[in-house]
Amino acid sequence: MRAPRRFSSVLSVVALTAAGLAGATPALADTPPAKQAVARGFGGAVVSDTVESTRAGLAVLRRGGTAADAAVAVAATLGVTDPYVAGIGGGGYFVFYDARRHRVFTIDGRETTPAAGDERMFTDAAGNPLAFPTAVTSGLGVGVPGNLATWQRALDRWGRFSLADNLRPAIDVADRGFVVDATFREQTRQNQTRFAQFSSTRELFLPGGALPEVGSVLRNPDLADTYREIARHGTRALYGGAIGRDTVTAQRDLPLAPDATLVPIPGRMTLADLRAYRTIDRDPTHVAYRGLDVYGMAPSSSGGITVGESLNIMERFDLGRLDRVSALHRYLEATRLAFADRNRYIGDPAFVDVPQRALLSDRFARQRACLINPAQALTSPVAPGDPNGSAACTPASSGAAAGNEGAHTNHFVVSDRWGNVVSYTNTIEQLGGSGIVVPGRGFLLNNELTDFNFAPTQGTAPDPNLPAAGKRPRSSMSPTIVLRHGQPFLAVGSPGGATIITTVVQILFNRVDLGMSLPEAIAAPRASQRNAATTQVEPAFLALPTTPGLQALGHAFAIRDTSSLDPTIRISPDIGVASGLEFLRGGEVLAAGEPTRRGGSSAGVVFPR
Ligand code: GLU
Numbered sequence: 000m001r002a003p004r005r006f007s008s009v010l011s012v013v014a015l016t017a018a019g020l021a022g023a024t025p026a027l028a029d030t031p032p033a034k035q036a037v038a039r040g041f042g043g044a045v046v047s048d049t050v051e052s053t054r055a056g057l058a059v060l061r062r063g064g065t066a067a068d069a070a071v072a073v074a075a076t077l078g079v080t081d082p083y084v085a086g087i088g089g090g091g092y093f094v095f096y097d098a099r100r101h102r103v104f105t106i107d108g109r110e111t112t113p114a115a116g117d118e119r120m121f122t123d124a125a126g127n128p129l130a131f132p133t134a135v136t137s138g139l140g141v142g143v144p145g146n147l148a149t150w151q152r153a154l155d156r157w158g159r160f161s162l163a164d165n166l167r168p169a170i171d172v173a174d175r176g177f178v179v180d181a182t183f184r185e186q187t188r189q190n191q192t193r194f195a196q197f198s199s200t201r202e203l204f205l206p207g208g209a210l211p212e213v214g215s216v217l218r219n220p221d222l223a224d225t226y227r228e229i230a231r232h233g234t235r236a237l238y239g240g241a242i243g244r245d246t247v248t249a250q251r252d253l254p255l256a257p258d259a260t261l262v263p264i265p266g267r268m269t270l271a272d273l274r275a276y277r278t279i280d281r282d283p284t285h286v287a288y289r290g291l292d293v294y295g296m297a298p299s300s301s302g303g304i305t306v307g308e309s310l311n312i313m314e315r316f317d318l319g320r321l322d323r324v325s326a327l328h329r330y331l332e333a334t335r336l337a338f339a340d341r342n343r344y345i346g347d348p349a350f351v352d353v354p355q356r357a358l359l360s361d362r363f364a365r366q367r368a369c370l371i372n373p374a375q376a377l378t379s380p381v382a383p384g385d386p387n388g389s390a391a392c393t394p395a396s397s398g399a400a401a402g403n404e405g406a407h408t409n410h411f412v413v414s415d416r417w418g419n420v421v422s423y424t425n426t427i428e429q430l431g432g433s434g435i436v437v438p439g440r441g442f443l444l445n446n447e448l449t450d451f452n453f454a455p456t457q458g459t460a461p462d463p464n465l466p467a468a469g470k471r472p473r474s475s476m477s478p479t480i481v482l483r484h485g486q487p488f489l490a491v492g493s494p495g496g497a498t499i500i501t502t503v504v505q506i507l508f509n510r511v512d513l514g515m516s517l518p519e520a521i522a523a524p525r526a527s528q529r530n531a532a533t534t535q536v537e538p539a540f541l542a543l544p545t546t547p548g549l550q551a552l553g554h555a556f557a558i559r560d561t562s563s564l565d566p567t568i569r570i571s572p573d574i575g576v577a578s579g580l581e582f583l584r585g586g587e588v589l590a591a592g593e594p595t596r597r598g599g600s601s602a603g604v605v606f607p608r
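Counting from 0, one number per residue, gives the positions in the sequence shown under numbering that gives the first Met the number 0.
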């Protein structure tokens, strides 16, 4: 394993004032401008989490890159500036509208379980499920990463430039560093205890044992070198080469700090697992919703089917004509029902016979929609429906709840001058992933395998999401592209674990049924009903004038528990961090992200209006 370079190359935190920056290091005077949540213009657009990643994408678009080229530049740069939710240590789902072929395609770049994994891997000797935090900060939760392979696959299919070309902006940002903001510091703080367990992670993100100061510059020359190595040798540097060897070592012989208190469980990934990793080209899911064509991600993600089923149920009602309370009631009931079906039927299709067609059929939507009582909320957990049954109204008995899922990843969108569109959600699962930085390589490893259910959740019925060798854990990621009359209309997505699905549905509902603009649809307060007794809401949702009416129908609302073992840590009650594009007349694009959630998004266009 490479030793981290101690002086010049360990990510250095240099507390510099603006004046100091300007005088001493001209390259660093380039402090990013304030984030802009909305942009409008022509020639292509990017909305991502950080200013640097959006700029990287716009630079590639300006040089003549396609949306796929720019997406790789954005994703690689997020690996530097948003390293707790992105990077080559993770996986994700890439949805692409190909303007030449007028079709939507997808790439499944989900992490896989090593060949040595099995159904009991997340249980102890007595057969009891491991405690979730134990599994999260461990080698065991690390799946074989898929992001780098996804980038190469996207470029092979739709790129004009090489991987090396598209990594260049990220290498530059990793070398020069980026300015720490309050969000980055807070996210580091939430991870401080577990990051301190690993010497490599501590050196990278807690330099000198402390949190990086707001306004200081973080550099990651190890990651710059890693990207350079990939630029030289291609993706095999990770999938079988030297970076892969270091990855295997890191998850097996954990780089524990001398004073570590954790006894983490080693992982089972081998170099052969990395060599065997393949992305999968999949057909997108498709539903028609009020004359629009909504395309999403098929399993291994549950996103496309669950968003699609929810919309199919909602389409049974004329939501635009109902009063707001009645419309919101149907939105909440639709996702409640769709989640019961998700939990029962969806898993990796290489292992589970997912009844995708039936789940997305109008017949099934009728069966489910007729359970919605206009005057009374259903009692969760509701039972799953029978996708192969009749459209008859089957009364809901009780069902089972969902398993574990984290709450943090990133979603970004890109379009180009030719009209191609990317909607890409990628992740290392938990904020900070497994907490393990590969020593000397500058990136965190995922804990994606903790998206499996550790023990059966479906009573006497089979659980589609138990671990197995080579299996992909069920995801909720829902990168979505919507066409109108065969042309791109919207691209949206969000992080947020299982709340991703409801966030995407709610944004589409806000935009299409309630007539909000895309920025309004994204900014609006969120509510997430996932077949639970209470609906998770943001504090601002409670203050809406519609909320008492919903409560009168029997909806119970709860804000996420924001308490933490460490009283100085504030867990955010926000749901999701969405980004989207809307394609207007005459080639104009409206790029919109979050005004405030998780520090806000960065939207930009090639030629502002
Ligand atoms: N691991 C999650 C999923 O695949 C995504 C990460 C998150 O946002 O929680 O659904």
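Yeah, the Cβ is synthetic: ideal placement off N, Cα and C, and Gly gets one too. Note that the structure is a prediction, hence the values are computed from the model and not measured.
Taking Cβ positions only, does residue i come closer than 8 Å to chain B?
i: Met268; result: Note that chain B does not occur in the displayed structure, where there is just one protein chain.
Which of helix, strand or coil does DSSP assign to residue i?
i: Ala590; result: strand
i: His484; result: coil
i: Ile506; result: helix
i: Leu443; result: strand
i: Glu404; result: Unreliable placement is indicated for Glu404, whose pLDDT of 46 sits below 50; the coordinate value is still reported in the next sentence. The answer is coil: DSSP assigns Glu404 none of H, G, I, E or B.
i: Gln191; result: helix
i: Leu435; result: The question names Leu, but residue 435 in the sequence shown is Ile. The answer is coil: DSSP assigns Ile435 none of H, G, I, E or B.
i: Phe316; result: coil
i: Gly214; result: coil
i: Pro518; result: helix
i: Asn311; result: helix
i: Arg4; result: Here the model assigns Arg4 a pLDDT of 39, short of 50, so the residue's position is not dependable, and the following value carries that caveat. The answer is coil: DSSP assigns Arg4 none of H, G, I, E or B.
i: Thr561; result: coil
i: Thr24; result: Model confidence at Thr24 stands at a pLDDT of 33, short of 50, so the residue's coordinates are unreliable; what they give is reported in the following sentence. Reduced to three states, the DSSP call for Thr24 is coil.
What does a CB cutoff of less than 6 Å around residue i pick up in its chain, not counting 5 residues either side in sequence?
i: Leu291; result: Val481, Arg483
i: Arg4; result: Because the pLDDT at Arg4 is just 39, under 50, the model does not fix this residue reliably, and the value given afterwards should be weighed accordingly. Contacts found: none.
i: Ala18; result: Per-residue confidence for Ala18 stands at a pLDDT of 29, beneath the threshold of 50, marking its modelled position as unreliable; no derived number is given.
i: Thr246; result: Val437
How far does the alpha helix (DSSP H) with residue i in it reach, from first residue to last?
i: Tyr330; result: 323-344
i: Tyr288; result: Segment 284-288 is the beta strand (DSSP E) holding Tyr288; no alpha helix (DSSP H) there.
By Cβ distance, which residues of its chain are closer than 7 Å to residue i, with the 5 residues on each side in sequence left out?
i: Ala460; result: Arg343
i: Phe6; result: Its pLDDT being 27, under 50, Phe6 is placed unreliably by the model, and the measurement read from it follows with that caveat. If we look at Phe6 and ignore the five residues flanking it on each side, it has no Cβ neighbours.
i: Glu404; result: The pLDDT assigned to Glu404 is 46, lower than 50, so where the model puts this residue is not dependable; a value taken from the coordinates is nonetheless given after this. Closer than 7 Å at the Cβ level, and outside the excluded window around Glu404, lie Asp450, Ser475, Gly496, Ala497.
i: Gly402; result: At Gly402 the pLDDT is 47, less than 50, meaning the model places this residue with poor confidence and gives no usable figure here.
i: Arg251; result: Gly138, Pro265, Gly266
Using C-beta distances below 8 Å, list every residue in its chain close to residue i, excluding the 5 sequence neighbours before and after it, in chain order.
i: Arg201; result: Phe194, Ala195, Gly208, Ala256
i: Ala26; result: Here the model assigns Ala26 a pLDDT of 38, short of 50, so the residue's position is not dependable, and the following value carries that caveat. Around Ala26: Arg175.
i: Ala125; result: none
i: Leu162; result: Val71, Trp150, Gln151, Leu154, Ile229, Ala230, Gly233, Thr234
i: Val605; result: Gly40, Phe41, Gly42, Gly43, Ala44, Leu57, Leu60, Arg61, Arg416
Thinking just about the alpha-carbon of each residue, which of the options is nearest to the one in residue i?
i: Phe350; options: Ile427, Ile264, Ala287, Leu465; result: Leu465
i: Ala282; options: Pro254, Thr269, Gly303; result: Checking the sequence, you will find Asp at residue 282 rather than Ala. Cα-wise, what sits closest to Asp282 is Gly303.
i: Ala454; options: Glu447, Asn446, Pro463; result: Pro463
i: Tyr226; options: Asn446, Thr76, Val576; result: Thr76
i: Leu166; options: Val59, Glu185, Val247; result: Val59
i: Asp385; options: Asp252, Ser379, Ala357; result: Ala357
i: Ala339; options: Arg529, Glu581, Leu210; result: Arg529
i: Val420; options: Gly56, Lys34, Arg471; result: Gly56
i: Ser379; options: Ala602, Gly439, Ala532; result: Ala532
i: Ala249; options: Ser433, Ala148, Arg525; result: Ser433
i: Ala326; options: Gly439, Asn219, Asn509; result: Asn509
i: Leu583; options: Arg608, Arg596, Ile570; result: Arg608
i: Ala148; options: Ala236, Thr305, Asp224, Gly575; result: Ala236
With the cut-off set at 8 Å, would you say residue i and residue j are in Cβ contact?
i: Arg244; j: Pro113; result: no
i: Ser600; j: Arg473; result: no
i: Ser422; j: Val511; result: no
i: Pro144; j: Ile87; result: yes
i: Gly138; j: Pro265; result: yes
i: Gly108; j: Asn146; result: yes
i: Phe197; j: Pro254; result: yes
i: Thr284; j: Ser309; result: no
i: Leu489; j: Glu581; result: yes
i: Gln189; j: Leu443; result: no
i: Asp68; j: Phe160; result: yes
i: Arg315; j: Ala374; result: no
Where does the unbroken beta strand (DSSP E) through residue i begin, and where does it stop?
i: Pro607; result: 601-607
i: Asp292; result: 291-295
i: Thr424; result: 420-426
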